[in-house]
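If you read the protein sequences in the order shown, they are chains A and B. Residue 1 is where the first sequence starts when you use this note's numbering, and the numbers rise one by one after that. Residue 1 is where the second sequence starts when you use this note's numbering, and the numbers rise one by one after that. Yeah, the Cβ is synthetic: ideal placement off N, Cα and C, and Gly gets one too. Report on the following structure.
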Amino acid sequence: MVRPLHQVKTAPEGRGLRATVLLVLAVGLLLPIAAGLAQTARAAFGVMPSIGATEAGWHAWSALLSVPGFATSVKLTLITGLGSTALSLLLTLAIVATLHGRLTSGTTGRWLTPFLAIPHAALAIGLAFVLAPSGWIARLLAPILGLDRPPDIALVGDPWGIALIIGLVIKEVPFLLLVTLSALTQIPVRRHLATGQSLGYGRAMIWLKILAPQIWPLIRLPVMVVLAYALSTVDMALILGPSNPPVLAVLLTRLFFAPDTAALLPASAGALLQAGLALAAFGLIWLCEFTSRRVGRWWLRRGGRGGAAEPALRGIGLAGVALLALGLVAMAALGVWSLAWRWPWPAALPESWSLRAWTGAGPGLGRALGETVFLALATTALSLLLAIAWLEGEDRARRGRAGWAQALIYLPLLVPQIAFLYGLNVLFLRLGLTGERAAVVWAQALFVFPYVMITLSDPWRALDPRLPRAAASLGAGPWRRLVAVKLPVLLTPLLTAAAIGVAVSVAQYLPTLFMGAGRVATLTTEAVTLSAASDRRVTGVYASLQAGLPLAAYAAAFLIPALVHRNRQGLKGGGT
Amino acid sequence: MSLTLTDLSLTLAGPPLFPPLTLNVRPGEVATVMGPSGVGKSTLLDAIAGHLAPVFTLSGRISLDGHDLAPLPPEARRIGLVFQDSVLFPHLSVGDNLAFGLARHVKGRAARRAAVEHALDQAGLSGLHDRDPASLSGGQRSRAALMRSLLADPAALLLDEPFSKLDAGLRDEIRAFTFAHVRERSIPALMVTHDQADADAAGGPTVTLG
Numbered sequence: 001m002v003r004p005l006h007q008v009k010t011a012p013e014g015r016g017l018r019a020t021v022l023l024v025l026a027v028g029l030l031l032p033i034a035a036g037l038a039q040t041a042r043a044a045f046g047v048m049p050s051i052g053a054t055e056a057g058w059h060a061w062s063a064l065l066s067v068p069g070f071a072t073s074v075k076l077t078l079i080t081g082l083g084s085t086a087l088s089l090l091l092t093l094a095i096v097a098t099l100h101g102r103l104t105s106g107t108t109g110r111w112l113t114p115f116l117a118i119p120h121a122a123l124a125i126g127l128a129f130v131l132a133p134s135g136w137i138a139r140l141l142a143p144i145l146g147l148d149r150p151p152d153i154a155l156v157g158d159p160w161g162i163a164l165i166i167g168l169v170i171k172e173v174p175f176l177l178l179v180t181l182s183a184l185t186q187i188p189v190r191r192h193l194a195t196g197q198s199l200g201y202g203r204a205m206i207w208l209k210i211l212a213p214q215i216w217p218l219i220r221l222p223v224m225v226v227l228a229y230a231l232s233t234v235d236m237a238l239i240l241g242p243s244n245p246p247v248l249a250v251l252l253t254r255l256f257f258a259p260d261t262a263a264l265l266p267a268s269a270g271a272l273l274q275a276g277l278a279l280a281a282f283g284l285i286w287l288c289e290f291t292s293r294r295v296g297r298w299w300l301r302r303g304g305r306g307g308a309a310e311p312a313l314r315g316i317g318l319a320g321v322a323l324l325a326l327g328l329v330a331m332a333a334l335g336v337w338s339l340a341w342r343w344p345w346p347a348a349l350p351e352s353w354s355l356r357a358w359t360g361a362g363p364g365l366g367r368a369l370g371e372t373v374f375l376a377l378a379t380t381a382l383s384l385l386l387a388i389a390w391l392e393g394e395d396r397a398r399r400g401r402a403g404w405a406q407a408l409i410y411l412p413l414l415v416p417q418i419a420f421l422y423g424l425n426v427l428f429l430r431l432g433l434t435g436e437r438a439a440v441v442w443a444q445a446l447f448v449f450p451y452v453m454i455t456l457s458d459p460w461r462a463l464d465p466r467l468p469r470a471a472a473s474l475g476a477g478p479w480r481r482l483v484a485v486k487l488p489v490l491l492t493p494l495l496t497a498a499a500i501g502v503a504v505s506v507a508q509y510l511p512t513l514f515m516g517a518g519r520v521a522t523l524t525t526e527a528v529t530l531s532a533a534s535d536r537r538v539t540g541v542y543a544s545l546q547a548g549l550p551l552a553a554y555a556a557a558f559l560i561p562a563l564v565h566r567n568r569q570g571l572k573g574g575g576t
Numbered sequence: 001m002s003l004t005l006t007d008l009s010l011t012l013a014g015p016p017l018f019p020p021l022t023l024n025v026r027p028g029e030v031a032t033v034m035g036p037s038g039v040g041k042s043t044l045l046d047a048i049a050g051h052l053a054p055v056f057t058l059s060g061r062i063s064l065d066g067h068d069l070a071p072l073p074p075e076a077r078r079i080g081l082v083f084q085d086s087v088l089f090p091h092l093s094v095g096d097n098l099a100f101g102l103a104r105h106v107k108g109r110a111a112r113r114a115a116v117e118h119a120l121d122q123a124g125l126s127g128l129h130d131r132d133p134a135s136l137s138g139g140q141r142s143r144a145a146l147m148r149s150l151l152a153d154p155a156a157l158l159l160d161e162p163f164s165k166l167d168a169g170l171r172d173e174i175r176a177f178t179f180a181h182v183r184e185r186s187i188p189a190l191m192v193t194h195d196q197a198d199a200d201a202a203g204g205p206t207v208t209l210g
């Protein structure tokens, strides 16, 4: 072998950029979550000097155990969290198996947009309007069943959490559908179906035995995100869940805002328990995966062709589609209620319409709208900037993403918000930062950034690498390549990521409540508050606006590239 | 000005992709690199242009007119790239693609516009300044991409299977057009191809890898 003259190792570019991104993430994301958790844990074991509690011990836990209804709360949390996630997963798989071939990623994406855009609270309010004893369903059934007054049963806030489960499922199935469809593009579904069918297997069996095991590793992380959310949701549970006792996260929020500061200790213990529940649930997922690997293989080797499973799968798929239809009705209900004037029982539609709920909502509505728009724009801009810096840093290093970096992105979505937000609030109090808009922007960005980053990563990597190379060969340095070539070509995915960022920001409830110390009022916090008591018309106005903002962002994400690139055939279709 | 590769070899955790390569390409000459798929032809071009992924180790020397290229980032190497399917920037008009390439030393809006229009005329693309690149024919795209590279005033040109996507009839025309420009500019060019006819037409030294 010829000895080389000299070895050439060019240093990867963009060190400074990557170091900056890492520093921002460490200081802005990792450190606060860790500090918040630590603060919560300290208080959970009795130490919270600001309220005079200095003696470490288990008394916070015994106080938590003696909170009335505590055991029921935990049980409810597990039922609604695990139940809604399992149901969502089942329905998603059934819908995909039933409709695959008729679903293309593009058209389905458009159909799913309203579901992905609508904030949890707005959907929950709409559902309450539909499911309530005096809601749309009861009104439509009244003439048939001969009801002369709203039925006297609790259909919303039922003690079993069924309404909450329905709400969570309607919100999560579209998200899981989206990630499953994108996972399916990596699997040769048609060929597997053809092969399986030639061996005599029914479609349903092929989906269960061949395709589902391949899909699972690709959607495991999103399912964990769904599970973590379902176990710890506050806004949806306040609107749809049982109230006495409520699910754990709601119980804890009440304790955190109780007038008696001594309640902060058991609340912190509960927040730690909430994190423990999420961890245990992840363990359960792992256990399910482990067992179904064993049992699945045994089942597979028996070779059952399962012709009978077909109608069952189709039935479940149809049930899933029906639930999504219910979601659309719920969204419509928001608009109808906000415009209703006289609407006596049991008329299906209002007798008279009016804009009075909109015009009479007072300056509070405008202020909440302005605050929401400001927070959405600020958090989205911040998150998008950081995501671009991160991805550009990866490009300049010409390296893929390390496993720990991917985990870092998902971290804020996997740790229950309540477990660290209050601890963080305490820290901020000490620093004198709480109640500031900046604190809310930052707390929201913790949850906006992961979604922006996840949405942008795939299209960013799918960019033809020859484009920046061609630009470099023409003398364009790294910044000109980024600004003049990559960003314009990626305009559509950038705006899509921004729209998702806006949707996530608008939907945030707990971070706004805790970091804003109740002083920062957004459409979401107002809508949740209003949903408890007041006039449906006013609630409808807030919730409609709350749902309308993200939809407007999605519409803009669709229209702006179509306008800017109207004469650019090469950028159509390939952009997302 | 000539492009010189001295004992160049590329390693990806194991033996080198190909035996050490030494090649001198003189100004106005088109050298050809041939070889089966996967032998590392594209990686060789990446190394010369400065886009080598860090997983590869490069040994040997790449020099342009005696100057070592190794310490230079891609944008400072003055090496033009022409790809298989042109790779025009999809968001820019045909004229703006050329303007993106046009060297900085041409100053003033009018002068730059005139330089772009002149290049369009030379490439038989007169009047297509504002067109969407996606609306051009294959041959037009190839000529536009070559003109874009040449406007950047490159010191050498790398051609990555530049004619393989073109119809047989068009291929001769674009080949002649490309080689004529390389001779006229008197710059060295290195072409990677699968097509023996390309190598014959180029007339320069031919290296077969693998």
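C-alpha distance - residue i paired with residue j, whole-angstrom precision
| i | j | result |
| --- | --- | --- |
| B/Pro20 | B/Pro71 | 20 Å |
| A/Arg110 | A/Ile500 | 13 Å |
| A/Ser50 | A/Trp390 | 38 Å |
| B/Pro188 | B/Val30 | 6 Å |
| B/Asp46 | A/Ile215 | 36 Å |
| A/Gly574 | B/Val106 | Low confidence applies here, because A/Gly574 scores a pLDDT of 44, under 50, leaving its location unreliable and the question unanswered by this model. |
| B/Ala13 | B/Glu161 | 27 Å |
| A/Pro68 | A/Pro245 | 8 Å |
| A/Trp460 | A/Thr185 | 17 Å |
| A/Leu300 | A/Arg293 | 10 Å |
| A/Arg15 | B/Gly60 | 26 Å |
| A/Val173 | B/Gly95 | 47 Å |
| A/Gly432 | A/Leu22 | 26 Å |
| A/Ala312 | A/Val96 | 14 Å |
| A/Gly362 | A/Arg356 | 10 Å |
Minimum Cβ-Cβ distance from residue i to chain B less than 8 Å
| i | result |
| --- | --- |
| A/Leu17 | no |
| A/Leu456 | no |
| A/Gly570 | yes |
| A/Arg396 | no |
| A/Pro459 | no |
| A/Arg342 | no |
| A/Leu90 | no |
| A/His192 | no |
| A/Pro580 | Chain A is shown from 1 up to 576; residue 580 of chain A falls before or after that span and cannot be answered. |
| A/Leu563 | no |
| A/Pro493 | no |
| A/Gln7 | Low confidence applies here, because A/Gln7 scores a pLDDT of 48, under 50, leaving its location unreliable; read the following figure in that light. True, the Cβ-Cβ gap to chain B drops below 8 Å. |
| A/Asn567 | yes |
Any C-beta of chain A under 8 Å from that of residue i
| i | result |
| --- | --- |
| B/Phe83 | yes |
| B/Ala201 | no |
| B/Glu75 | yes |
| B/Ala155 | no |
| B/Arg141 | no |
| B/His181 | no |
Test item: CB-CB of residue i and residue j under 8 Å
| i | j | result |
| --- | --- | --- |
| A/Gly473 | B/Leu81 | The sequence shown places Ser at residue 473 of chain A, rather than the Gly named in the question. Contact flag set, yes. |
| A/Ala262 | A/Leu252 | no |
| B/Ala155 | B/Arg78 | yes |
| A/Ala397 | A/Arg42 | no |
| A/Ala249 | A/Thr233 | yes |
| B/Thr11 | B/Phe56 | yes |
| A/Ile239 | A/Ala121 | yes |
| A/Phe45 | A/Gly57 | yes |
| A/Leu324 | A/Ile170 | yes |
Inter-residue CB distance, residue i and residue j (contact presumed, cutoff 8 Å)
| i | j | result |
| --- | --- | --- |
| A/Pro133 | A/Ile153 | 6 Å |
| A/Pro412 | A/Leu377 | Wrong, their Cβ atoms sit about 20 Å apart, outside the cutoff. |
| A/Leu231 | A/Leu277 | 6 Å |
Residues of the region 96–107 of chain B whose Cβ lies closer than 9 Å to any Cβ of chain A, in chain order: Answer set for the region 96–107 of chain B: Phe100, Gly101, Leu102, Ala103 and Arg104.
Contact set between the region 469–484 of chain A and chain B, restricted to residues whose Cβ is under 9 Å from the partner: From the region 469–484 of chain A, only Arg469, Ala470, Ala471, Ala472, Ser473, Leu474, Gly475, Ala476, Gly477, Pro478, Arg480, Arg481 and Ala484 have a Cβ closer than 9 Å to chain B.
Interface positions of the region 128–152 of chain B facing chain A (Cβ-Cβ less than 9 Å), listed along the chain: So the close ones are Asp130, Arg131, Asp132, Pro133, Ala134, Ser135, Ala145, Arg148, Ser149, Leu151 and Ala152.
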